[in-house]
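Q:
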Amino acid sequence: MAYRSVLAGLVGLLALAASAQQPVPPGSALAGRPDSEEAAKLAPVSAPPLPTAADKLPTAKLHLPPGFSIEVYASGVGNARSLREGAKGTVFVGSRLLDKVYAITPGDHKVKVIASGLHRPNGVAFHDGTLYIAELSQISKIDNIEDTLDNPAKPTVIYDDLPKDEAHGWKFISIGPDNRLYIPVGQPGNNVARDPLHAQIRRINLDGTGAETVAIGVRNTVGFDWNPVSKELYFTDNGRDWMSEDVPEDKLNRLTKFGEDFGVPYCYQGNISDPEFGWGHSCSDYTPPVALMGAHTAALGMRFYTGSMFPADYKDAIFVARHGSWNRSKKLGGDVVVVKLNKDGSVKSIEPFLTGFIENNNYLGRPVDVQPLKDGSVLVSDDWNGAVYRITYKGKAK
Amino acid sequence: MKRALLSALAVSALAGTAFAATPEKAQICLTCHGETGQSQTDNIPSLGAQQPAYALIQLYMFREKLRTSDVMNEMAKGLTDDDLHTLSDFIGTLPKPQPPADAGDPARMTAAKALVDKEHCNSCHSAGLDGRDNIPRIANQREDYLLQTLRDYKSNKRAGYDGTMAEVLGPISDAQIVELAYYLARVR
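Protein sequences, first through last, are from chains A and B.
Numbering follows the numbering used here, with no gaps: position 232 of the first sequence is 236.
Numbering follows the numbering used here, with no gaps: position 83 of the second sequence is 74.
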């Protein structure tokens, strides 16, 4: 404990020293915005708070490769964000704009609020019967959750040594093959100086101890998973706004060694030196992405597919939910893509999978996360409509 | 508190319908927020021409206690989802609030206009500061309400629906907030 507070003190001093050396970072969503009429038309769009009624969901307008189909798994899941499947088939869903975590019961797909009054409870993870919840600046857990869905205990905080910044403060969390909980800390603004507390991925033991930083130079990752073959961590990262319509692109990264530096804010998309922070730095000093995911597409939740329902070429591929752009005149993303890998873990292809959420440059829905179920089907959350969809494969029509 | 609500109800009943199309549940809103959507009451915002998507979010947050205000939490408690739509759509039809007769000190107005441009308030909130979708109209809002709101966003007392305002106000000083409220209330 004493060691830990000394450490925290040191980190605090470092942060103070850093802030004394340079002006306060711009910290604004609009930092870098050019003074043009077309740029002024762009603004972040927030999902409505009330979920869309089941019969108004856009499933009929969505497209999948031949043989796949999509249905509504559950509606009325306000601002549905991160997804997890429990050992007994319960699906847990976080939210960002609301204060709730939901459980969707197996079989009847009933939606229950299992925790409320939380601050941006975006992230959920499940391990050995326990549900882990990530709020903006703390991680908590509810033990034995699937046996207590009707009367769940209040979440118990296990870790709260986290910044309280609203910008990129909401968190995706996941538990790795090392049985540790991985927690991102995003940059507290669009394009701001690096400090010792942000732009990183940490991991903790499941009791909240042992925090350490495993990756730095990460602007804002809202999705990661481990390659089932190599056990390496793959994660999406969102590029900065206002550089241009077409760059930088969001990234798919791969962590191959502890503490690796992915370049933000000095270098974006692996090969663009930032016009403001890039001076004195070289992109070659940072780990490049394994794939570019499109400009402003907001590549968020991702999972490796290890199920057996889908065709063989989907085995060990990655499904990535792209939430869709706001900082771009013509909307891009708003879909789920499938990333297929080579044996060495590099990217072979990126193909559209679930599309049709953009109509006349407006969103009919916005995918946030993907979650393969034990039966091999794949769930997709949509925070715009407050819904969860299920994708199945029944083979090509004869 | 309860007495204030009751007398507000009574005033509302006496005043009758300000607008033929005023939904029944909106009558009570106008007693405090102003018969024409322009508030005459300290610290209570004008609702006129407010963006319906923004108004719906706020009513929802009051109902769910995601935004705290004793009076508004009480007012919104029994509202159904349909009520939220009806009330927020109605609010959008009320006339724009008018700027005060006092046009403001020209030097302060000019300096504050430069700050609005520099911080790009007129980007998300639109060139005329009348908002769009989930982003509110701020032009000619009451100065006291703007001041309180900006301070509450800055201090995180009001977290906001999506956290954008806390982020935007990070580098803005309290002295600048005072000037922004002064300008926004009087802008023409």
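Beta carbons are placed, not taken as given, at the ideal position from N, Cα and C, and that holds for glycine.
This one's a predicted model, so the numbers in the text were calculated from it and none came from an experiment.
(1) A:Phe281: buried (16+ other C-beta within 10 angstroms of its C-beta) or exposed?
(2) With a threshold of 6 Å on Cβ separation, who are the neighbours of A:Asp103 within its own chain once the five nearest residues in sequence on each side are excluded?
(3) How close, in whole Å, do the beta carbons of A:Pro376 and A:Tyr309 come, if the pair is a contact with beta carbons under 8 Å?
(4) By the 9 Å beta-carbon criterion, what residues does the region 209 to 234 of chain A contribute toward chain B?
(5) Whole angstroms is fine: what's the gap from B:Thr32's alpha carbon to A:Gly133's?
(6) To which residues of the same chain is A:Gly98 closer than 6 Å at the C-beta, ignoring the five residues directly before and after it?
(7) Under a CB-based cut-off of 8 Å, is A:Val351 close to chain B?
(8) B:His76 by DSSP, collapsed to three states: which one?
(9) If you run the structure through DSSP and keep just helix, strand and coil, what is A:Asp39?
(10) Can you find a C-beta in chain A that's less than 8 Å from the C-beta of B:Ala67?
(11) When burial is assigned at 16 or more other CB atoms within 10 Å of the CB, is A:Phe239 buried or exposed?
(12) Would you identify the three-state DSSP class for B:Thr101, choosing helix, strand or coil?
(13) By a C-beta neighbour count over all protein chains shown, 10 Å radius and 16 as the cutoff for buried, is B:Gln89 buried or exposed?
(14) Does A:Leu358 get closer than 8 Å to chain D when you measure Cβ to Cβ?
(15) So, using beta-carbon positions, are A:Phe130 and A:Phe96 closer together than 8 Å?
(16) Given a threshold of 16 other Cβ atoms within 10 Å of its Cβ, counted over all protein chains shown, does B:Thr71 qualify as buried or as exposed?
(17) Take the Cβ of A:Asp278 as the centre, count every other Cβ of all protein chains shown within 10 Å, and call the residue buried at 16 or more, exposed below.
(18) For B:Tyr136 and chain A, any beta-carbon pair shorter than 8 Å?
(19) According to DSSP, is B:His24 helix, strand or coil?
(20) Judging by CA-CA distance, which residue of A:Arg394, A:Ile187, A:Asn366 is the nearest neighbour of A:Pro48?
(21) So, for A:Ser234: in the same chain, excluding its five sequence neighbours on each side, which residues have a beta-carbon less than 7 Å away from its beta-carbon?
(22) Since A:Gln375 sits in a beta bridge, which residues does DSSP pair it with?
(23) Rounded to whole angstroms, what's the CA-CA distance from A:Pro62 to A:Ser381? Just pull it up for me.
(24) Which chain B residues are close to A:Asp103, counting only those with a beta carbon under 8 Å from its beta carbon?
(25) Considering only DSSP beta bridges, list what A:Arg88 is partnered with.
(26) A:Ser73 bridges to which residues according to DSSP?
(27) A:Lys334: which of A:Leu296, A:Glu41, A:Leu46 sits nearest, CA to CA?
(28) Count the other C-beta atoms from every protein chain shown that fall within 10 angstroms of the C-beta of A:Phe357, then say buried if there are 16 or more, exposed otherwise.
(29) Please identify the residue among A:Thr109, A:Phe314, A:Asn183 whose C-alpha is closest to the C-alpha of A:Phe323.
(30) Taking B:Asp72 as the query, report the chain A residues whose CB atoms sit under 8 Å from its CB, ordered along the chain.
(31) Per DSSP, which one or two residues make a beta bridge with A:Val128?
(32) Is it the case that the region 138 to 150 of chain B contacts the region 80 to 89 of chain B, given that we only count it when at least three CB pairs across the two stretches are under 8 Å?
(33) Can you tell which of A:Val117, A:Asp250, A:Ser329 has its C-alpha closest to the C-alpha of A:Pro403?
(34) Candidates A:Thr152, A:Ile177, A:Val76, A:Gln142: which alpha carbon is nearest A:Asn404's?
A: So, from the data block:
(1) buried
(2) Ser120, Gly121, Leu122
(3) 5 Å
(4) none
(5) 53 Å
(6) Arg85, Ser86, Val105, Pro125, Asn126, Gly127, Val128
(7) no
(8) helix
(9) coil
(10) no
(11) buried
(12) helix
(13) exposed
(14) Looking at the structure shown, chain D is missing, and the protein chains on hand are A and B.
(15) yes
(16) exposed
(17) buried
(18) no
(19) helix
(20) A:Asn366
(21) Gly349
(22) A:Leu383
(23) 19 Å
(24) Glu55, Leu57
(25) A:Phe96
(26) A:Thr396
(27) A:Leu46
(28) buried
(29) A:Phe314
(30) Leu54
(31) A:Ile137
(32) no
(33) Past the boundaries of the shown model lies residue 403 of chain A; chain A is included only from 5 to 402, so the question cannot be answered.
(34) Outside the displayed span of chain A (5 to 402) sits residue 404 of chain A, for which this structure offers no information.
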